[in-house]
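Chemist: Sharing a structure here in structure tokens format.
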Amino acid sequence: MQSGIVRAGATIIFAGLLATAAIVSRLPKSNGGAAPAGGSGETLKRYGFALEDVTRKAGIEFVHQAPTLDPALNHIMPEVASMGAAVSVVDFDRDGWPDLYVTNSSEGGKNRLYHNLHNGNFEDVAEKMGVADVSQPGTGVCMGAIWGDYDNDGYEDLFLYKWGRPELFHNDRGRGFTRVTEQSGLPKWVNANSAVWFDYDRDGRLDLFLGGYYSEAIDLWHLKNTRIMPESFEYARNGGRKYLFRNVGGGHFVDVTDQVGLQSRRWALAAAAADLRGTGYPDLVIANDYGVSEFFANDHGRRFREIGAATGIGYQPKSGMNVAFGDINNQGRFAIYVSNITEQGVLVQGNNLWVPREGTTGDQVHYDNLADAMGVEQGGWSFGAQFGDLNNDGRLDLMLTNGYVSASRDENYWYDFAKVAGGNSAIISDAANWPPIGNRSHGGYQQKCAWINTGDRFINVAPMVGLTETYDGRSVALADFWNRGVLDVAMAHQKGPLLLFRNSVSPDNAWIEFELEGSASNRSAIGAAVRVFWNGQQQLQEVSGGSGFCSENDRRLHFGLGKDPRLEKVVVRWPSGKEQTLTGLGLRKLHHLKEPA
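Positions 105 to 701 (this note's numbering) are the ones given, in order, by the sequence shown.
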């Protein structure tokens, strides 16, 4: 995010950045959201899918507002107040249709809960449901939201992470939400930018990971001093603490962070959990700004060990802003996508696609960065990204949103930013030393990426399929909003609109979807792994409690199967450890699976 570790490979290029950034070039103009070239029919034939912006048509009108922090930060306010546009998917009333929740980040600003009306339209019910007015002055502002059924009553509850007081809302069977923050055991103040629901100890109750960004000792509206910035652009350890809250039942959570070994003060921007080592227990990967990513191995729910350097993903400091998992090679193993920063001619940091090396598993698992080889390294100032089969051809594609601060099209902040990045700890860590940004852009007006997976590499087809806007993107979420067997796209933008894209997919490609419900496992089935076997190949997906950057996809799992698929079997491993094998399932259907008693 605000990081700018000026590295190309392992070589520091501050000098090159200074020289290049001194030349101010005109930033590209938005083309205003033009339709796919050649029309939708030609686009479908060539790429297998096409996106249509249906935001207004669907009744969605929302523009994100940024916070206004302590006046001592006015000179760099666009930089420090550059997050908070988050989007998550939930079926809050269990009517079988995915709904949308989007956060606002201004003091007193209101969030929106868009109820899916089943006819292509959405209605904001946040006020009526009691989850709109959640950033009241003195309580901080929203950075993101995740949904999980913490009390196993069958309805998804809401956790809001904030720069300020985190909030927990109980879902009253889809009729409204009750704030239960005080009795939950959550901390009073955390400057957090990431959170994940997961059952780390597999006791059948959802636990909560919360990742701090700024130190929790800082009130960004009432600063004691301006020494609040990272101490280093590469190895900063003065950020917010990590939290792991164990769900002990009765709506109460206990802080077990130190007990399980999750101590870290890196600047966390994103996190996701999944069984990455084949142990049956969810591991945790954290993308940190101003430093290396962290991989915490889960030792059977007892402790977490940081093994990032050993696995390969934590060997080089970057500006981690996203964590997403995807079985991109249909081999039954997850690759890890971590987004970073790239500005052509100035900074080539590059995004990472960590692919597990063949023959390495368990604690010996090792990842190779194949982002460049597979075409997904250069994504601009990258934020949220999600894997999903956008054209139902049987391979997971990758959607990415980007852009940092879009202001003047003629002036650029890179030169002054580089001067700070080259300073010592005392200079970097004090916001007073940061040059004023004024009305200059910084990584602005960037084109989003929609990479389709061809099997050998990914190809960016964003403008061709209708994704042409250049707002400052933050989070992206995928869901089958119209229940058609197609993944649609929702994107949230900093100081910009929430956009909803309806996806059209070639009808030749088949699909299958699953909605899981736990019994011995947590009711949300977060952590359940589903393997679909067809045509001699397989694909693994896992039910997630939050991934990407400040986002959460539809809880349902969507598998594209391509043309003429022969479905062999579906194997489900529930968080409890139970496994079941299913055969004879119909294609082009959503299957509701309940964990066997």
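Backbone N, C-alpha and C define an ideal beta-carbon position, used for all residues, glycine too.
Below 8 Å, how does it come out for the segment 316 to 335 and the segment 169 to 180: are there three or more Cβ pairs, yes or no?
Modeler: As far as the Cβ criterion goes, the segment 316 to 335 touches the segment 169 to 180, which means the pair count is three or higher.
Chemist: What is the DSSP secondary structure of asparagine 537, reduced to helix, strand or coil?
Modeler: Numbered from 1 along the sequence shown, position 433 holds the residue referred to as residue 537. Helix.
Chemist: Which partner residues does asparagine 456 have in the DSSP bridge list?
Modeler: The sequence position of residue 456 within the sequence shown is 352, counting from 1. BP columns for asparagine 456 point to Val442.
Chemist: Leaving out the 5 sequence neighbours to the left and right, which residues in its chain are closer than 6 Å to threonine 687 when beta-carbon positions are compared?
Modeler: On the sequence shown, residue 687 is found 583 positions in, with the first residue counted as 1. Around threonine 687: Lys673.
Chemist: In its own chain, which residues sit with a C-beta less than 7 Å from the C-beta of alanine 701, not counting the 5 before and 5 after it?
Modeler: Translated into positions along the sequence shown, residue 701 becomes position 597. Taken in chain order, the residues that qualify are Ser623.
Chemist: Could I get the ranges of all uninterrupted alpha helix (DSSP H) runs contained in the segment 386 to 436, with 4 residues as the minimum, in chain order?
Modeler: Segments of the alpha helix (DSSP H) lying fully in the segment 386 to 436: 412 to 415.
Chemist: Expressed to the nearest angstrom, what Euclidean distance is found between the alpha-carbon atoms of arginine 461 and aspartate 323?
Modeler: For the purposes of this step, residue 461 is taken as the residue at position 357 of the sequence shown. For the purposes of this step, residue 323 is taken as the residue at position 219 of the sequence shown. Approximately 44 Å, taken between the alpha carbons.
Chemist: Answer yes or no: do glycine 244 and lysine 214 have a C-beta to C-beta separation smaller than 8 Å?
Modeler: One-based indexing of the sequence shown puts residue 244 at position 140. One-based indexing of the sequence shown puts residue 214 at position 110. Their beta carbons are not under 8 Å apart, which means glycine 244 does not touch lysine 214 by this criterion.
Chemist: If you draw a straight line from the C-alpha of valine 396 to the C-alpha of proline 611, how long is it?
Modeler: As a working note, residue 396 is residue 292 in the sequence shown. As a working note, residue 611 is residue 507 in the sequence shown. Each residue's Cα considered, the two are about 43 Å apart.
Chemist: By how many angstroms is the C-alpha of aspartate 362 removed from the C-alpha of alanine 707?
Modeler: The shown model of the chain, from 105 to 701, leaves out residue 707, and the question about it has no answer.
Chemist: For arginine 513 and asparagine 392, what's the separation of their Cα atoms in angstroms?
Modeler: Walking along the sequence shown from the start, residue 513 turns up at place 409. Walking along the sequence shown from the start, residue 392 turns up at place 288. When rounded, the distance between both Cα atoms is 30 Å.
Chemist: Given this structure, state the Cα-to-Cα distance separating methionine 247 from serine 209, to the nearest angstrom.
Modeler: Numbered from 1 along the sequence shown, position 143 holds the residue referred to as residue 247. Numbered from 1 along the sequence shown, position 105 holds the residue referred to as residue 209. Their backbone Cα atoms lie some 7 Å apart in a straight line.
Chemist: Buried or exposed: where does asparagine 473 fall if 16 or more other Cβ atoms within 10 Å of its Cβ makes it buried?
Modeler: Here residue 473 refers to the residue found at position 369 of the sequence shown. Under this definition asparagine 473 is a buried residue.
Chemist: Hey, how far is the Cα of serine 239 from the Cα of arginine 216?
Modeler: Along the sequence shown, one-based indexing puts residue 239 at 135. Along the sequence shown, one-based indexing puts residue 216 at 112. One C-alpha to the other measures close to 12 Å.
Chemist: Looking only at DSSP bridge pairs, what is asparagine 564 linked to?
Modeler: Taking the sequence shown and counting its residues from 1, the one referred to as residue 564 is at position 460. Looking at the DSSP assignment, asparagine 564 forms a beta bridge with Trp555.
Chemist: Note down, in chain order, each residue of its chain lying with its Cβ closer than 6 Å to the Cβ of valine 284, except the 5 sequence neighbours on either side.
Modeler: Reading the sequence shown from its first residue, position 180 is the one you call residue 284. Excluding positions up to five away in sequence, the list reads Leu272, His274, Gly355.
Chemist: Distance, Cα to Cα, proline 601 vs glutamate 515?
Modeler: For the purposes of this step, residue 601 is taken as the residue at position 497 of the sequence shown. For the purposes of this step, residue 515 is taken as the residue at position 411 of the sequence shown. Straight-line Cα distance between these residues: approximately 24 Å.
Chemist: By Cβ distance below 7 Å, which residues in the same chain neighbour glycine 589 in space, the five residues on each side in sequence not counted?
Modeler: Indexing the sequence shown from 1 puts residue 589 at position 485. Cβ neighbours of glycine 589 beyond the five flanking positions: Trp615, Glu617, Arg692.
Chemist: Measuring straight from C-alpha to C-alpha, what distance separates valine 294 and glycine 559?
Modeler: Locating residue 294 in the sequence shown gives position 190, where the first residue counts as 1. Locating residue 559 in the sequence shown gives position 455, where the first residue counts as 1. Rounded to the nearest angstrom, the two C-alpha atoms are 42 Å apart.
Chemist: How would you call leucine 367, buried or exposed, if buried means at least 16 neighbouring beta carbons within 10 angstroms?
Modeler: Taking the sequence shown and counting its residues from 1, one reaches residue 367 at position 263. Per the sequence presented here, residue 367 reads as glutamine, with leucine not at that position. Looking at its Cβ environment, which holds fewer than 16 other Cβ atoms inside 10 Å, glutamine 367 is exposed.
Chemist: Determine whether the beta carbon atoms of tyrosine 218 and proline 291 lie at a separation below 8 Å.
Modeler: Translated into the one-based positions of the sequence shown, residue 218 becomes position 114. Translated into the one-based positions of the sequence shown, residue 291 becomes position 187. No. Outside cutoff.
Chemist: Express the C-alpha separation of phenylalanine 263 and asparagine 657 in angstroms, rounding to a whole number.
Modeler: In the sequence shown, residue 657 corresponds to position 553, counting from 1. In the sequence shown, residue 263 corresponds to position 159, counting from 1. Whole-angstrom Cα-Cα distance: 15 Å.
Chemist: Note down the Cα distance separating arginine 635 from proline 421, rounded to an integer number of angstroms.
Modeler: Here residue 635 refers to the residue found at position 531 of the sequence shown. Here residue 421 refers to the residue found at position 317 of the sequence shown. Using only the alpha carbons, I get a separation of about 34 Å.
Chemist: I believe valine 191 touches aspartate 203 by the beta-carbon criterion, under 8 Å. Please report the beta-carbon distance rounded to the nearest angstrom.
Modeler: By 1-based counting over the sequence shown, the position of residue 191 is 87. By 1-based counting over the sequence shown, the position of residue 203 is 99. About 11 Å separates the two Cβ atoms, so there is no contact after all.
Chemist: Under 8 Å between the Cβ atoms of leucine 603 and tryptophan 555?
Modeler: Position 499 of the sequence shown holds residue 603. Position 451 of the sequence shown holds residue 555. No, they are not a contact pair.
Chemist: Determine the direct distance from the alpha carbon of tyrosine 575 to that of serine 134, and round the result to whole angstroms.
Modeler: Here residue 134 corresponds to residue number 30 of the sequence shown, with the count starting at 1. Here residue 575 corresponds to residue number 471 of the sequence shown, with the count starting at 1. Here serine 134 scores only 35 on pLDDT, less than 50, and its place in the model is too uncertain to base an answer on.
Chemist: If you compare alpha carbons, which of Gln287, Met187, Asn225 is closest to arginine 160?
Modeler: Taking the sequence shown and counting its residues from 1, one reaches residue 160 at position 56. Taking only the C-alpha atoms, the option nearest arginine 160 is Asn225.
Chemist: Does the structure place the segment 429 to 438 close enough to the segment 398 to 412 that three or more beta carbon pairs sit under 8 Å?
Modeler: These segments do not touch.
Chemist: Do valine 427 and threonine 505 have their C-beta atoms within less than 8 Å of each other?
Modeler: Within the sequence shown, the letter at position 323 stands for residue 427. Within the sequence shown, the letter at position 401 stands for residue 505. Going by C-beta atoms, valine 427 is not nearer than 8 Å to threonine 505.
Chemist: Looking only at DSSP bridge pairs, what is alanine 594 linked to?
Modeler: In the sequence shown, the residue the question calls residue 594 occupies position 490. Per DSSP, Ala581, Leu604.
Chemist: In the structure shown, what three-state DSSP assignment does histidine 179 receive?
Modeler: As a working note, residue 179 is residue 75 in the sequence shown. In this structure, histidine 179 counts as helix in the three-state DSSP scheme.
Chemist: Quick one: complete beta strand (DSSP E) runs, 3+ long, within the segment 175 to 263?
Modeler: List check, beta strand (DSSP E) in window: 191 to 194, 203 to 206, 216 to 220, 226 to 228, 244 to 252.
Chemist: Between histidine 168 and glutamine 598, is the Cβ-Cβ spacing less than 8 Å?
Modeler: The residue labelled residue 168 in the question sits at position 64 within the sequence shown. The residue labelled residue 598 in the question sits at position 494 within the sequence shown. Cβ atoms of histidine 168 and glutamine 598: closer than 8 Å.
Chemist: With 16 as the cutoff for other CB atoms within 10 Å, does proline 386 come out buried or exposed?
Modeler: Here residue 386 is taken as the residue at index 282 of the sequence shown, counted from 1. Flag for proline 386 reads buried.
Chemist: Between which two residues does the beta strand (DSSP E) carrying alanine 522 extend?
Modeler: By 1-based counting over the sequence shown, the position of residue 522 is 418. Run containing alanine 522: none in the beta strand (DSSP E); it sits in the alpha helix (DSSP H), 518 to 525.
Chemist: List the residues that DSSP assigns as beta-bridge partners of threonine 282.
Modeler: For the purposes of this step, residue 282 is taken as residue 178 along the sequence shown, with counting starting at 1. According to DSSP, threonine 282 bridges with His274.
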